[in-house]
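Just so we're aligned: 1005 in my numbering is position 861 of the sequence shown, and the numbers increase by one with no gaps anywhere.
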Amino acid sequence: MRFSNISPKVLGPFPIHAREQHFLSPSFPLNLSHPIDYSQSWPSSYADGGQVWWSNATTDTDGHLRVSFPNIRWTTLRATEGWAALQYHTVLRTTMTVYPPADPTSVVLPNLIVDLKQGSFFTILPQSKGDIVPQWYSGNIYAMERAPPKTVRFPVLPARNKPTTYDVFIRLFGDPAAYDSENPTLDITMTVELEPSEPGIVHEAPHDIMSDFVDGFAFGEAVGVGLRSVSGWWTVTSSSLSQDIQGLDLVLLRETRIAPGQTRILPLRLTQTAPFEGTDLNVDLTLVSGTSTMSVSIKIPVTHQAIWNSSNFAPIWTSYFFKDTMPTAFNVLPPVESTPRGETPRPPILALHGAGVNILSQPFWAEAIPRQNLSWVVMPTGRTSWGLDWHGPSMHDALDSIDALGRILEQSPRWNAWRLAPETKILVLGHSNGGQGAWYMAARFPDRVVGAVPAAGYIKAQAYVPLTQSRSAHFVDPSLRAILETSHTPDDNDLFLSNLVDTPILAIHGGDDDNVPTWHSREAVNVLKTWNPGANVSYREDLGQPHWYSTVFRNDQVAIFLRSLLQPEYLPEGRSDSYTLTVAIPSESGSLHGWRILSLVMPGRLARLFVEEKNHAVSVKTSNVASFSFDIKRIRTALLIIDGVDFSFASDNLRQRIILLQKTVSGWELHGFDMIAPIAFQPSGRLAMVLQSTGPLTLVVPNIRASSRALSVAYRIAHDLDVYHKLDAEIVTDETALGRLEKGELGPGNIVVVAATDSEELGPFARTILGQGRTVFSAGEDGTTLKWRGRSLDEPSQGSLFLHPHPTNPSANILFMMGSDISGLERIAGLFPIRTGVSLPDWLIAGGAADMTGAAGVQAAGIWGADWSWKEAVSWHH
């Protein structure tokens, strides 16, 4: 197979903002069901005269495609629009030809392995397209490391007796200035190979997870083995060590089913009672597919280190089970000394890397952080080098890494002297995206963070790459836009800086930063001081320094700041007489001085507690708060005034430390946590909540026929979860999911239900869940349609996404992805919330107009109430 010698054609550039590409058709402005006229021009405000034509891209033998538009006045655009002007959209069309095998009677290979780096989406179509609805596959737009192979089925099988040529369409998306030129150039790599059709399992070694061994003992119990099914549904049923190793065992954590073309990380638990000095572990796996059984032997290399001391040390690779199921690696720097006997262990430093920094292979991040005298330095992956901007699962991975290190040190007597304090506080530090993450975590969990050092951090995504070039904005109803953009609110760091008025902050920025402008850190400091002019925040600007420089954290000011917070003489936190706790989604935020907001009156809006301590009373004013709690041990008086109503209590006479207040029709009611059932945080607020799963996601499809479009969508979601987040997913049929539900074995993780209702009936699991009547979505009486508020959602090319309560786990949810037809299912497949910044509230319905007008093609959208109820004030519909 090879690319055609015909020069690829490219159409563009078109203005677009950084995330609305998920709403627009990937082929915008083309309709691929119509013939393409390569002499036709298209309107674009970037071009002189307002029109663009098809032009030639360049390609070379190594698969590189280079796209640029030298006739566009980029200097002028950049001068007025900044980086936003470079987030442009283009469509590239090329061809590939498949030649028949030498023996025409041999079986035609059905699958392709496609690797598209730094392209957004691609599709492969027959040249006579007929009624085929394109299947759009996401490319590896960030050139992510450890990306598994992407299996792609031919839209129609190639001929056996002559060459078959296919059209390949690629959506390209933006680039900063490259090649030291004012003319930005997209450099895309696309390789296509035929995949062998023999059933089997392939070891994907880049997915393996193994901790270092320190003085012969594993520094972490989680071991992961990457496996990919070439074809066939395979279940790993058991594992064993090939060699008999005294005092060491490796046990399969759970049976793991792998779909054809899917890559999963097999979870193994390592237990050890004696030192091990070998260079590798050899593991034998047993796999079953129907009546077939297969054995696979895997060799896992082992890295050994001597125990650290005051002068000799190295970063230590550590592992744990993220959400108790997913093997995950992180890196740590040990302290110079162990904690002196009788003293409390010092808080560790949580060091958050920048976007695109692969700490698994790039040592510079570990080298950039000064080793501390008594504090550990913990460097999490954030799931991957890009992750979710240290939000959602990336944030949980970072915090869970701290807890995992604590367990490792506590459970092993040989490392007890270096243990962490129970429920230890942390000092959070980060650069670039990690600097933004440091602002984010400190502001969401102020009671856990003793201080923060955010370097070169941007305030929020919309300020980093503005949305000013939005196509949707020209068409969308402002009320709809407001509902959609509530999904951005939880990530907008500037809105939550009130929570940091009593947290020591040292913000740092290079004076000549050409990636994140210096005004981001300056403005964050300004906003924080607006909340409290006396806030403990300092700003360091290193004149003449770029975005990254090796001394960003290695200087006297940072050393003094860290020492002031991490050494024994550090005093307990101070507290202002008045402060404000700001929350958007309660489950994503912690407490401030013991106060915590638990639920909102109106979702999608900010909730705030205004606390003032004076005259021997604590006065609390609430805004959009339905329930909150406080720690009575941190209250300085027995008189509490809430929204003007007095609550007197004597803390010494109360058995409960945490007091809960709930808003009722008659006012606030006060309870202890052991007097009522604790409130479960609402597992909704935006569709991205589906990524915050307490176990592997379960992807439910009506059937596993190879021709099923729902199954294809599930494959693509599972692949993207692996590429961007290293989140595990299992694909099951609707009937299997129902059987698990009936047996109480559905599991704790979130669920994604995928179906195109015109071609397949809603399965019994989907009908059972929708039949509970928990939301305004329901199944039609015929079992083949979806209804919303009693209205059938059966328009051509219509798709619906909505969160729904999990039937057995109140902290989990189900995401339904329903298309009225295959086109509608493809429409919402591109909206699965794999990335930050996509405007996706709890539910939405989109129609065909979105192909040309983006988010303006949304027909209805909104946010659920705390009990999954309809909220008219935060809903929009025609």
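Think of the CB as a built atom: it goes at the ideal place given N, C-alpha and C, for glycine as much as any other residue.
Between the CA atoms of residue j and residue i - distance to the nearest angstrom
| i | j | result |
| --- | --- | --- |
| F640 | T877 | 42 Å |
| S852 | K294 | 18 Å |
| D356 | T462 | 6 Å |
| D721 | S773 | 19 Å |
| W1012 | L742 | 16 Å |
| A473 | P524 | 7 Å |
| F825 | W583 | 23 Å |
| M819 | G788 | Low per-residue confidence applies at M819: pLDDT is 46, beneath 50, and the placement is therefore not dependable, though the value from the model is reported in the following sentence. Roughly 25 Å between the two C-alpha positions. |
| V521 | S373 | 38 Å |
| D541 | W377 | 30 Å |
| A162 | A728 | 23 Å |
| N215 | W186 | 15 Å |
| L628 | V897 | 22 Å |
| A303 | H208 | 28 Å |
| A322 | R210 | For A322, the pLDDT reaches just 47, beneath the cut-off of 50, and the residue's location in the model is therefore unreliable, leaving the point undetermined. |
| G883 | P598 | 49 Å |
| T724 | S735 | 11 Å |
With 16 other Cβ atoms within 10 Å as the buried cut-off, status of residue i
| i | result |
| --- | --- |
| K887 | exposed |
| G601 | buried |
| K604 | buried |
| I1007 | buried |
| H760 | exposed |
| V440 | buried |
| Y464 | buried |
| D965 | buried |
| H1022 | exposed |
| K758 | exposed |
| W932 | buried |
| L814 | exposed |
| V762 | buried |
| F508 | exposed |
| N797 | Because the pLDDT at N797 is just 49, under 50, the model does not fix this residue reliably, and the point stays unresolved. |
| Q836 | buried |
| I972 | buried |
| H618 | exposed |
| N894 | buried |
| P159 | buried |
| R588 | buried |
Top-ranked residue by Cα proximity to residue i, from the options
| i | options | result |
| --- | --- | --- |
| S767 | E905, V745 and N577 | V745 |
| I1040 | R849, V844 and S955 | With the chain covering only 145 through 1022, there is no way to say anything about residue 1040. |
| M240 | G718, Q231 and L256 | L256 |
| S386 | G1001, R780, V346 and D428 | D428 |
| P610 | V702, R778 and A228 | A228 |
| K467 | K870, A994, G992 and V1002 | K870 |
| L930 | I570, R780, G963 and Q449 | G963 |
| Y608 | V594, D638 and F909 | D638 |
| E393 | L412, L371, I649 and V380 | The question names Glu, but residue 393 is Asp in the sequence shown. Ranking the options by Cα distance to D393, first place goes to L412. |
| V235 | R315, S212, I180 and H166 | R315 |
| I922 | L947, P940, T415 and T781 | As written in the sequence, residue 922 is Ser, which differs from the Ile given in the question. Out of L947, P940, T415 and T781, L947 has the C-alpha closest to the C-alpha of S922. |
For residue i, three-class secondary structure by DSSP
| i | result |
| --- | --- |
| I627 | helix |
| W1014 | coil |
| V857 | helix |
| S454 | coil |
| G1009 | coil |
| R372 | strand |
| L672 | helix |
| F909 | helix |
| I728 | Before going on, a small fix: residue 728 reads as Ala here, not Ile. Three-state result, A728: coil. |
| L573 | strand |
| S448 | Sequence check: residue 448 is His here, not Ser. Here H448 sits in strand by DSSP. |
Chain C contact for residue i (CB, 8 Å cutoff)
| i | result |
| --- | --- |
| F167 | Protein chain content of the structure displayed is limited to a single chain, and chain C is not contained in it. |
Counting pairs of Cβ atoms below 8 Å between the region 512-531 and the region 465-477, do you hit three or more?
yes
Can you confirm whether the region 946-962 touches the region 902-916 when touching is taken to mean that 3 or more C-beta pairs between the two stretches lie within less than 8 Å?
yes
Check whether the region 397-407 and the region 451-462 are in contact - that is, three or more C-beta pairs closer than 8 Å.
no
Is the region 258-270 in contact with the region 331-346, if contact means three or more CB pairs nearer than 8 Å?
yes
Quick one: any contact between the region 495-506 and the region 528-539, if contact means 3 or more CB pairs under 8 Å?
yes
So, do the region 193-201 and the region 176-185 have three or more beta carbon pairs nearer to each other than 8 Å?
yes
Touch check for the region 264-277 and the region 486-497: three-plus C-beta pairs under 8 Å?
no
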